[in-house]
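Protein chains in written order, with our numbering: chain R, 12 to 295; chain D, 105 to 422. All C-beta atoms, glycine included, are put in the ideal place defined by N, C-alpha and C. These notes concern the structure reproduced below.
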Amino acid sequence: MSWFKRQKSGILTSTEEKKETPEGLWHKCSRCKYICLSEEHAANLWVCPECQFHDRIGSAQYFKILFDDNKYTVIAPNLQSADPLNFKDTKPYKDRLRQAMESTGLKDAMEAAYGKLSGKPVTIACMDFEFIGGSMGSVVGEKIVRSVDHCLRYKKPLIIISKSGGARMMEAPFSLMQMARTSAKLKELAEKHIPYISVLTNPTTGGVTASFAMLGDLNIAEPEALIGFAGPRVVKETIKRDLPEGFQTSEFVLETGFLDKIVPRKQLKPFLHEVLTMLTANVK
Amino acid sequence: MNYLDFEEPLRQLTEERERMAELAASTGISAADTLQSIDEKIEQLTRDIYSQLTAWQKVQVSRHPDRPYVLAYMTALSEGSFIELHGDRGVKDDKAMVGGLGMVEGQPVMFVGQQKGINAKMRMIRRFGMANPEGYRKALRLMRLAEKFNIPVCCLIDTPGAYPGLEAEERGQGEAIARNIYEMFGLRVPIVVFIIGEGASGGALGIGVGDRVYMLQYTWYSVISPESCSSILWRSWDFKEKAAEALKLTADDMLALGLVDGVVPEPLGGAHRKPEEAFAQVKKTLLEALQDLRRIKPEKLVAQRREKFLKMAVYLEK
Ligand SMILES: [Zn+2]
Chain R
12 MSWFKRQKSG ILTSTEEKKE TPEGLWHKCS RCKYICLSEE HAANLWVCPE CQFHDRIGSA
72 QYFKILFDDN KYTVIAPNLQ SADPLNFKDT KPYKDRLRQA MESTGLKDAM EAAYGKLSGK
132 PVTIACMDFE FIGGSMGSVV GEKIVRSVDH CLRYKKPLII ISKSGGARMM EAPFSLMQMA
192 RTSAKLKELA EKHIPYISVL TNPTTGGVTA SFAMLGDLNI AEPEALIGFA GPRVVKETIK
252 RDLPEGFQTS EFVLETGFLD KIVPRKQLKP FLHEVLTMLT ANVK
Chain D
105 MNYLDFEEPL RQLTEERERM AELAASTGIS AADTLQSIDE KIEQLTRDIY SQLTAWQKVQ
165 VSRHPDRPYV LAYMTALSEG SFIELHGDRG VKDDKAMVGG LGMVEGQPVM FVGQQKGINA
225 KMRMIRRFGM ANPEGYRKAL RLMRLAEKFN IPVCCLIDTP GAYPGLEAEE RGQGEAIARN
285 IYEMFGLRVP IVVFIIGEGA SGGALGIGVG DRVYMLQYTW YSVISPESCS SILWRSWDFK
345 EKAAEALKLT ADDMLALGLV DGVVPEPLGG AHRKPEEAFA QVKKTLLEAL QDLRRIKPEK
405 LVAQRREKFL KMAVYLEK
């Protein structure tokens with residue numbers, strides 16, 4: 012389900028509203044039900060003006076938010092899954108991939124690009140949850156590898172925006188090994204004193220949390236995002252009681268010591284610019 | 105001896121042998137020829153069953169309750185010299201992750217690995233081999249200690265996954281695993297990894313970055329267990345056999361995919377039938393690997409380790 016589709020369904024639930032609100036023109040907050048013009052919502056970076064709920068958005072929106080004048084060059088745009096296991100569950104993985112490509116217009120769950128952020132050259136890799144739950148397979152791993160290579164070559168800071176249900180089960184062992192590949196590359200980046208900022212957004216779980224998302228020089232998150240290794244349902248089954256209020260939210264993860272800061276989307280660009288400026292000031 | 109469902113004919117035959125032996129003992133009539141013939145049948149039947157195990161059956165063998173666990177390997181490989189070391193120096197001593205020093209054929213080795221419990225009480229204490237973040241941090245502490253004194257590391261993996269508990273989340277399970285993987289890519293001593301039972305997901309990989317990675321013959325290694333995969337992708341627990349096949353999680357599959365370096369043969373019928381044989385095979389493989397790896401300079405060792413894992417991807421670009 013993509014963000015604009017959800018926007019529509021929110022509006023189409025009531026026939027009364029339907030008459031007054033032409034499709035896509037209005038946005039209804041999925042949390043507080045506040046209605047505003049879709050245009051206004053987008054101008055507010057897809058954050059509810061009333062309750063500050065951060066709607067889930069994709070790589071195209073993040074690139075628009077972060078790159079100056081929405082100008083950027085895509086890294087490795089033609090990567091796609093090769094279905095190395097010829098995997099089939101209730102349907103073939105190849106069919107799932109095709110459907111995901113058709114419904115999202117994307118080739119996999121991550122886009123990477125370089126450009127300028129408030130004048131500062133950066134590389135940004137951003138996950139797309141709409142593509143098979145933002146799951147990590149070989150393509151996601153390779154996008155990160157190529158992004159790091161670009162950063163190493165031009166000494167550019169790296170920003171990765173995570174949003175993932177975890178592993179791409181249909182690429183089973185290859186999916187697992189992307190945790191190793193991405194970590195190996197980030198180690199190389201660190202050795203060259205090039206900053207890497209990890210931005211965790213709703214949701215970031217499983218193998219993504221247990222690899223690149225937690226390895227930033229700074230780990231920052233959007234407010235109220237779900238962040239964890241095991242999903243809340245699994246934790247609940249393990250402990251056999253209800254989870255405490257706010258468990259595995261950004262605020263909880265900040266409090267337990269695994270995030271540097273919670274940064275609302277509207278402050279993301281200036282924040283990144285400020286910290287990257289400081290982190291790189293004394294490095295040749 | 106516990107028997108798995110597909111070993112039923114083997115159980116029957118073994119019981120028959122026991123009855124025969126008892127009868128012979130009580131009557132004083134020699135049954136040596138009959139017993140020998142049954143022994144031969146048992147061996148042939150074991151061979152037949154074990155030569156055509158399905159992926160799911162291998163998963164069952166990997167979890168066999170009589171199978172030797174990690175501490176048994178550490179003790180056997182270091183010939184009684186094993187010194188268990190405890191604690192992550194932060195929170196506590198995680199009983200699901202064990203480690204320590206031992207002398208293997210005259211050279212010190214730092215062992216780390218997940219330990220399953222050997223009885224009901226210990227299974228609870230060791231959480232069935234599911235480590236908490238402090239377990240991964242303890243493993244990393246021991247690996248760094250080894251690095252400081254130029255001692256190679258041997259990781260023995262046997263886990264159904266990292267522990268998915270409330271405190272594990274509070275103490276950063278994701279960060280602990282990520283940190284281990286990341287730091288293992290910088291460790292300047294040889295790392296040899298063995299999957300001796302179950303190798304599930306990030307919980308396994310958290311101590312799984314090695315210059316050499318071997319799987320014992322009847323073990324599995326994947327991103328998820330066949331049961332969980334079945335429940336998520338098939339939305340039912342009934343497709344674990346299918347999931348086990350689809351995941352390509354056996355030692356032979358993983359070797360064919362180029363994701364592990366070798367398969368260590370197990371005694372006929374699995375490691376639990378003749379643990380000493382399994383220990384000897386692992387020891388031999390470890391010593392051979394160390395002989396190669398100790399010749400490589402640390403910088404090159406680290407670079408080769410990274411290169412090896414960086415190749416582990418399959419994609420199209422068009
Ligand atoms: Zn709202």
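- The chain-ordered list of residues whose CB is nearer than 6 Å to some heavy atom of ligand 1 reads R:CYS40, R:ARG42, R:CYS43, R:TYR45, R:CYS59, R:GLU61, R:CYS62 and R:PHE64.
- Counting only Cβ-Cβ distances below 9 Å, MET358 of chain D has contacts in chain R at PRO184, in chain order.
- Judged by beta-carbon spacing, ALA87 of chain R lies within the 8 Å limit of LYS154 of chain R, meaning their Cβ atoms are closer than that value.
- Counted as a single uninterrupted DSSP element, the alpha helix (DSSP H) harbouring ASN284 of chain D occupies residues 277-288.
- Here DSSP, grouped into helix, strand and coil, assigns PRO60 of chain R to coil.
- With a minimum length of 3 residues, the unbroken runs of beta strand (DSSP E) contained wholly in the segment 43-109 of chain R fall at 46-48, 83-85 and 90-92.
- Of all residues in the segment 184-200 of chain R, those with a C-beta nearer than 8 Å to a C-beta of chain D are PRO184, PHE185, SER186, LEU187, MET188, GLN189, MET190, ALA191, ARG192, SER194, ALA195, LYS196, LEU197, LYS198 and GLU199, reading in chain order.
- For PHE343 of chain D, there is no enclosing alpha helix (DSSP H), as DSSP marks it with neither H nor E.
- Under the Cβ criterion of 8 Å, ALA71 of chain R is not counted among the residues facing chain D.
- Collapsing the DSSP output to three states places GLY314 of chain D in coil.
- Every alpha helix (DSSP H) of 4 residues or more that sits fully in the segment 156-241 of chain R is shown, in chain order, as 183-202 and 217-220.
- For ALA266 of chain D, a Cβ of chain R is located within less than 8 Å of the residue's own Cβ.
- The C-beta of ILE400 of chain D comes no closer than 8 Å to any C-beta of chain R.
- Between the segment 169-188 of chain R and the segment 47-56 of chain R, the count of C-beta pairs closer than 8 Å stays below three; the two stretches do not touch.
- Neighbours of ASN89 of chain R in chain D, taken as residues whose beta carbon is under 9 Å from its own, are LEU420, GLU421 and LYS422 in chain order.
- With fewer than three CB-CB distances shorter than 8 Å, the segment 297-304 of chain D does not count as touching the segment 220-240 of chain R.
- DSSP, reduced to helix, strand and coil, places MET105 of chain D outside both helices and strands of the structure shown, so it counts as coil.
- The segment 232-248 of chain D and the segment 211-223 of chain D touch, with no fewer than 3 CB-CB distances between them shorter than 8 Å.
- Using a Cβ-Cβ cut-off of 8 Å, LYS388 of chain D does not count as an interface residue toward chain R, since no Cβ of chain R sits closer than that to its own.
- Per DSSP, the unbroken alpha helix (DSSP H) holding LEU270 of chain D starts and ends at 270-274.
- Contact annotation: GLY306 of chain D and MET190 of chain R have beta-carbon atoms nearer than 8 Å.
- Contact residues of the segment 222-237 of chain D toward chain R are absent (C-beta to C-beta distance below 7 Å).
- Chain R places no beta carbon closer than 8 Å to that of PHE298 of chain D, leaving this residue out of the contacts.
- Taking the CA atoms as reference points, VAL151 of chain R sits about 9 Å from ALA136 of chain R.
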